[in-house]
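See structure below.
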Amino acid sequence: MSTNFSEIPILDLSLADDPSTKQQLLKELRHILLNIGFLYVKNHGVSTDVIDALVKVLPNLFDIPKREKDSIALEKSPHFLGYSGMGAEKTAQVSDQREQFEFATELESSWVEGDPLYKRLLGPNQWPPSLPLICPVIEKYIQSLLELSTRFLTLVAEALNISSSSLHTFLSPQHRLKVVHYSPIISPGDNQGVGPHKDSSGWWTFLLQASPPHIRGLQAMNRSGAWIDVPNIPGTFVVNIGQAFEVATNGVCPATIHRVLSSEYDRYSIPFFQGVRGDATKKDFEALWPQLKRQGRKESKEGQSIDSPFLSGKYDTWGESQLRTKVRSHRDAGKKFYGPVYEKYINDSPALDNTDTATQLIGYLNNPSQNGRLTIGAWPANTRYTALRKQVHFGIAYLAPSDLTKPTDPLSIDLGEVTAALELLGSSCV
Numbered sequence: 005m006s007t008n009f010s011e012i013p014i015l016d017l018s019l020a021d022d023p024s025t026k027q028q029l030l031k032e033l034r035h036i037l038l039n040i041g042f043l044y045v046k047n048h049g050v051s052t053d054v055i056d057a058l059v060k061v062l063p064n065l066f067d068i069p070k071r072e073k074d075s076i077a078l079e080k081s082p083h084f085l086g087y088s089g090m091g092a093e094k095t096a097q098v099s100d101q102r103e104q105f106e107f108a109t110e111l112e113s114s115w116v117e118g119d120p121l122y123k124r125l126l127g128p129n130q131w132p133p134s135l136p137l138i139c140p141v142i143e144k145y146i147q148s149l150l151e152l153s154t155r156f157l158t159l160v161a162e163a164l165n166i167s168s169s170s171l172h173t174f175l176s177p178q179h180r181l182k183v184v185h186y187s188p189i190i191s192p193g194d195n196q197g198v199g200p201h202k203d204s205s206g207w208w209t210f211l212l213q214a215s216p217p218h219i220r221g222l223q224a225m226n227r228s229g230a231w232i233d234v235p236n237i238p239g240t241f242v243v244n245i246g247q248a249f250e251v252a253t254n255g256v257c258p259a260t261i262h263r264v265l266s267s268e269y270d271r272y273s274i275p276f277f278q279g280v281r282g283d284a285t286k287k288d289f290e291a292l293w294p295q296l297k298r299q300g301r302k303e304s305k306e307g308q309s310i311d312s313p314f315l316s317g318k319y320d321t322w323g324e325s326q327l328r329t330k331v332r333s334h335r336d337a338g339k340k341f342y343g344p345v346y347e348k349y350i351n352d353s354p355a356l357d358n359t360d361t362a363t364q365l366i367g368y369l370n371n372p373s374q375n376g377r378l379t380i381g382a383w384p385a386n387t388r389y390t391a392l393r394k395q396v397h398f399g400i401a402y403l404a405p406s407d408l409t410k411p412t413d414p415l416s417i418d419l420g421e422v423t424a425a426l427e428l429l430g431s432s433c434v
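Just remember that our numbering sits 4 ahead of the position in the sequence shown, which is counted from 1.
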């Protein structure tokens, strides 16, 4: 199997039920974990009734009046749950053309003054008042996906030849679900459904593409920087590694950059994010690393490419790192509920050296007239050298260090090779 994928592999989970086929499944899964980070799963065990019930209510959910959407706006929730309007969230400093509802495992808030602020992330949902029947539909779906993701995590542990308990111990009591509507594009240049990113919201992501197969949009980036379509295959979930798992494995299992391009069609998407407990520390993650030395990968080299404030020791817990991400993604809610740390998180950017550089980089990436090339010879030599050397390599190292040792020379690289850097400018970085 190639390490530079041109299509997304499909894993048949029913093979795990038969001892004669389970080892082949684990071999395939191990390859995916180490080299791809994206897959479909079929025969996954989630009832079609559970899936269909959720898909059926999507039009009604997004058709509720604006005033009702506003009444449960995410900015009113210290738990970052609720409705976000079109363009409210940004990735790589560009507005995403989507509206969404964010739900989670139903929990009461146990946070009290004096507790770590990240504990306030756990709390109850905001439900649309006019759709009381949607609550049990969402809750049953979340429970079904939790069961699937837990079974899958056991297979991941077996594929990596590590103890199952060492992975399950990181799970949070709360898991998140987004119900997303991408609107049809108005102009060709305004097609960012979600910009290039890695999933920062959980351990693993399980995505239901809830529109007909002819409606496409999701793409994953391979090791050459090419965008690979991830079409809807009925009866499957798209599964991908989240940044928490990449960090926990020190880069041995890399998260894959992906994006959504909007089209002329309405598109619905439902990602489930397997939650990671907020009190997990870097030492907790590091305890996994000796087990991963058996994978035949140089985890230290891979780990060095992860630009993570958490992994670098800037934050003591995964929860604080996640709170930072949420505040930067949803600034109204962040300023309202997390005032004492708001400025710290907003100004704590591991992005490019200055905003002018960042703006130019984003502009080039989103300008189709560049024909897939980015030439930055006109930028100050020290700026482009520092920016690219620090940022391009954090996730997928397409450029050799030798490419950046002559900062006085004009530099032209493929846009796919700098897309990874853009994640650090947006809401998705850890």
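The beta carbon of each residue, even a glycine, is placed where N, CA and C say it ideally should be.
| field | Strand pairing of residue 67, partner residues [DSSP] | value | Residue 67 pairs with nothing; no bridge assigned.
| Buried or exposed by the 16-neighbour rule on C-beta atoms within 10 Å, applied to residue 83 | buried
| message | By alpha-carbon positions, which one of 42, 17 and 19 ends up nearest to residue 203? | response | 42
| field | Candidates 105, 206 and 21, of which the one nearest residue 329 by Cα | value | 206
| field | Minimum length 4: unbroken alpha helix (DSSP H) runs contained in the segment 104-165 | value | 138-164
| For residue 235, which three-state DSSP category applies? | coil
| query | Is residue 160 buried or exposed, if buried means 16 or more other CB atoms sit within 10 Å of its CB? | reply | buried
| query | Roughly how many angstroms separate the alpha carbons of residue 22 and residue 154, rounded to a whole number? | reply | 19 Å
| query | Short check: CB of residue 199 to CB of residue 267, under 8 Å? | reply | no
| query | Taking just the CA atoms, how far does residue 167 sit from residue 366? | reply | Low local confidence applies: a pLDDT of 43 at residue 366 is under 50, so the model's placement there is unreliable, with the coordinate-based value given in what follows. Those two C-alpha atoms are separated by around 42 Å.
| query | Is residue 337 near residue 121, with beta carbons less than 8 Å apart? | reply | no
| Based on the DSSP output, what are the partners of residue 342 in its beta bridges? | According to DSSP, which records beta bridges pairwise, residue 342 is partnered with nothing at all.
| query | Got a sec, what are the start and stop residues for the beta strand (DSSP E) residue 46 sits in? | reply | 42-46
| query | When the Cα atoms are used, what is the spatial distance from residue 69 to residue 75? | reply | 10 Å
| field | Assigned secondary structure, residue 21 (DSSP; H/G/I helix, E/B strand, else coil) | value | helix
| field | Local Cβ density within 10 Å of residue 185, reported as buried at 16 or more and exposed below that | value | buried
| request: Kindly give me the distance between the Cβ atoms of residue 174 and residue 284, rounded to whole angstroms, as I take these residues to be in contact under 8 Å. | output: 6 Å
| said: So the candidates are 60, 150 and 242; which of them puts its Cα closest to the Cα of residue 11? | reply: 242
| query | How close, in whole Å, do the beta carbons of residue 50 and residue 149 come, if the pair is a contact with beta carbons under 8 Å? | reply | 7 Å
| Just the Cα atoms here: how many angstroms apart are residue 162 and residue 290? | 19 Å
| query | Per DSSP, what kind of secondary structure is residue 277 in: helix, strand or coil? | reply | strand
| task | Tell me whether residue 323 sits in a helix, a strand or coil according to DSSP, three-state version. | result | helix
| So, residue 342 versus residue 331, is the Cβ gap smaller than 8 Å? | yes
| message | Using a 10 Å radius around the Cβ and a threshold of 16 neighbouring Cβ atoms, would you call residue 190 buried or exposed? | response | exposed
| message | On a Cα-Cα basis, can you pick out the residue from 286, 265 and 17 that is closest to residue 101? | response | 265
| Taking all protein chains shown into account, do 16 or more other C-beta atoms lie within 10 angstroms of the C-beta of residue 14, making it buried, or fewer, making it exposed? | exposed
| field | Near the ligand FMN: residue 222 beta-carbon under 7 Å from a heavy atom | value | Looking for the ligand FMN in the displayed structure turns up nothing, as the structure carries no ligands at all.
| Buried or exposed: residue 182, going by 16 or more other Cβ atoms within 10 Å of its Cβ? | buried
| query | Helix, strand or coil: how does DSSP classify residue 83 here? | reply | coil
| Which residue comes first and which comes last in the beta strand (DSSP E) that contains residue 288? | Counting along the chain, residue 288 falls outside any beta strand (DSSP E), though it belongs to the alpha helix (DSSP H) covering 286-290.
| In the DSSP assignment, what are the bridge partners of residue 14? | 44
| said: Relative to the C-alpha of residue 123, which candidate in 262, 17, 326 and 215 has its C-alpha closest? | reply: 326
| Would you call the CB atoms of residue 26 and residue 37 closer than 8 Å? | no
| Who are the Cβ neighbours of residue 80 in its own chain at under 6 Å, not counting the five residues just before and after it? | none
| said: On the DSSP letters alone, give me the boundaries of the alpha helix (DSSP H) that residue 252 sits inside. | reply: 247-252
| said: Please report the straight-line C-alpha distance between residue 286 and residue 109, rounded to a whole angstrom. | reply: 25 Å
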